[in-house]
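Some notes on the structure that comes next.
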Amino acid sequence: MASMQPSKRQKRREYRETQEQQIRIGEVQLPKKRLYRQRAHANPFSDHRLSYPISPAHMDWSTHYPAFVVPNPDNVNLSGTRRLTKDVEIADIGCGFGGLLVALAPLMPDTLMVGMELRAQVLEYVTDRIRALRAQRPAPPLPTEHTPPTPPAQLPSNSPPTAAVPAASLPQSQSQSLSPDPPSLSLSSQASYQNISAIRTNTMKFLPNFFTHHQLSAIFICFPDPHFKTRKHKARIVSSSLNAEYAYVLRPGGKLYTITDVEELHRWMVSHFDVGDGDEEGAGEEGQINTVKELFERVGDDELEQDPCVRIMMEETEEGKKVTRNNGKKYVAVWRRMEDPQWP
């Protein structure tokens, strides 16, 4: 009689036990995606019993970025946890399996980035992936009160030095000079991945709980759930009300990146940022629309061609690779946060 094959649940349990043993002995391998049960969608309107800070000043980032914790143990936030030497600047909303974060980490080694994902199993995969990458590479020493600021990572000679900082934090004239070439293998091998992390949260509800006014220099929305049915459009991650929240946390000059392989969703997102261009889909929320339109301007194609973040967003994310394999189209749109309008 043939022996019974182990179930998928048993395989996942055995895999996690093996991972825990490897962590104890210091031999951590990259996680296997097939052993993490995943769902394609998560209802953003459901009560997922999520943990979130009551304000950005109460958020404990020290467990996410231990290499960036301030040396003074008395320097704590309102929740009593250690502060960081710098703030989180980049948010990947709906980070999926973390491909964008992993690709951006060596390009911007001194910029803190966080992925925000609602699906629990997917987040567990990203967390294990980052933990494995950190374990495979030595972490830099913790800063002390006498430690000088960390200089930017040295880039290959054929890349300009400004590629080590976010394009969104630079003036337009400098951000256009960034090299569109992919990060070199030497950059990836030198990266310690201490500057990336991921949290489980619902950004449609709790985004302002994590970030202060004008804190972020870039927001990425890569291949969001299209929610094809009309009655599901309210669950889309881009809307007039949500765009106002993105404008709140994004600093002037910062960029909001979007990419999708669904043309109708692309037109929807464009219409909710560029209202007044003749697209009737964005004309339903009078009062909020004009305010959002005043806060964003569309980034031109010439500038996008010089932005390395666009190339990474198209080629390094898991969904981007899938679309490439299927010979699909990718629709990219990027907006720059404008200065707040003057009060009348």
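For the sequence shown, the numbering used here begins at 3 and goes up steadily by one. Every residue, glycine too, gets a C-beta built ideally from N, C-alpha and C. Fair warning: this is a prediction, and the values are worked out from it, not measured in the lab.
Quiz item: Would you call the stretch 59-69 and the stretch 83-95 in contact, with 3 or more CB pairs under 8 Å?
Solution: yes
Self-check item: H50 to R233 span [Cα, whole Å]
Solution: 21 Å
Quiz item: Near H229, what residues of its chain come up, given a Cβ to Cβ distance below 7 Å and the 5 sequence neighbours on each side ignored?
Solution: H235, A237, R238
Quiz item: Are P68 and F212 touching if we call contact CB-CB under 8 Å?
Solution: For P68 and F212, no; Cβs fall outside 8 Å.
Quiz prompt | Alpha carbon of F70 to alpha carbon of K231, nearest angstrom | solution = For F70 and K231, the gap between their C-alpha atoms comes out near 44 Å.
Exercise. Round the Cβ separation of G225 and T319 to the nearest angstrom and send it over; I've been treating them as touching at under 8 Å.
Key: Reading off the sequence, residue 225 comes out as Phe, not Gly. About 7 Å; that satisfies the 8 Å criterion.
Quiz prompt | Terminal residues of the alpha helix (DSSP H) in which K220 lies | solution = Sequence check: residue 220 is Ala here, not Lys. Note, A220: premise wrong, no alpha helix (DSSP H); beta strand (DSSP E) at 218-224.
Quiz prompt | Complete beta strand (DSSP E) runs within the stretch 41-95 (minimum length 3 residues, chain order) | solution = 90-95
Quiz item: How many angstroms separate the CA atom of W270 from the CA atom of L102?
Solution: Straight across, the Cα-Cα distance linking W270 with L102 is about 23 Å.
Practice problem: Please go through the same chain and pick out, in chain order, the residues whose beta-carbon is closer than 7 Å to the beta-carbon of R133, but skip the five residues on each side of it. | Solution: Only residues of its own chain outside the window of five on either side were considered, and among them V30 have a CB closer than 7 Å to the CB of R133, listed in chain order.
Quiz prompt | Anticipated Cβ contact below 8 Å, A107 with N197, distance rounded | solution = The beta-carbon separation of A107 and N197, rounded to 6 Å, stays under the 8 Å limit for a contact.
Exercise. Just mark W345 as buried or exposed, buried being the case when its beta carbon has 16 or more other beta carbons within 10 Å.
Key: exposed
Quiz item: By Cβ distance below 7 Å, which residues in the same chain neighbour V78 in space, the five residues on each side in sequence not counted?
Solution: R84, R85
Practice problem: Provide the residue(s) that pair with W337 in DSSP beta bridges, ordered along the chain. | Solution: L258, R300
Quiz item: Of the choices E317, E299, A335, whose alpha-carbon is the least far from that of P343?
Solution: E299
Quiz prompt | Extent of the continuous alpha helix (DSSP H) to which F103 belongs | solution = According to the sequence as given, residue 103 is Leu; it is not Phe. L103 -> alpha helix (DSSP H) spans 101-106.
Practice problem: Return the chain-ordered list of same chain residues with a C-beta closer than 8 Å to the C-beta of K323, the five sequence neighbours on each side being excluded. | Solution: Once the five neighbours on either side are set aside, the close Cβ partners of K323 are G101, E317.
Practice problem: Just the C-alpha distance for V240 and T262, rounded to the nearest angstrom, thanks. | Solution: Their backbone Cα atoms lie some 12 Å apart in a straight line.
Quiz item: To which residues of the same chain is R327 closer than 7 Å at the C-beta, ignoring the five residues directly before and after it?
Solution: Counting only Cβ-Cβ distances below 7 Å, and skipping sequence neighbours, we find nothing.
Quiz prompt | Proximity to S53 [Cα-Cα], best of L125, A193, T203, E91 | solution = T203
Quiz prompt | Bridge-paired residues (DSSP) for V116 | solution = Within the DSSP bridge table, the entry for V116 names A93, S199 as partners.
Self-check item: Residue span of the alpha helix (DSSP H) that contains F208, given as start and end
Solution: 205-212
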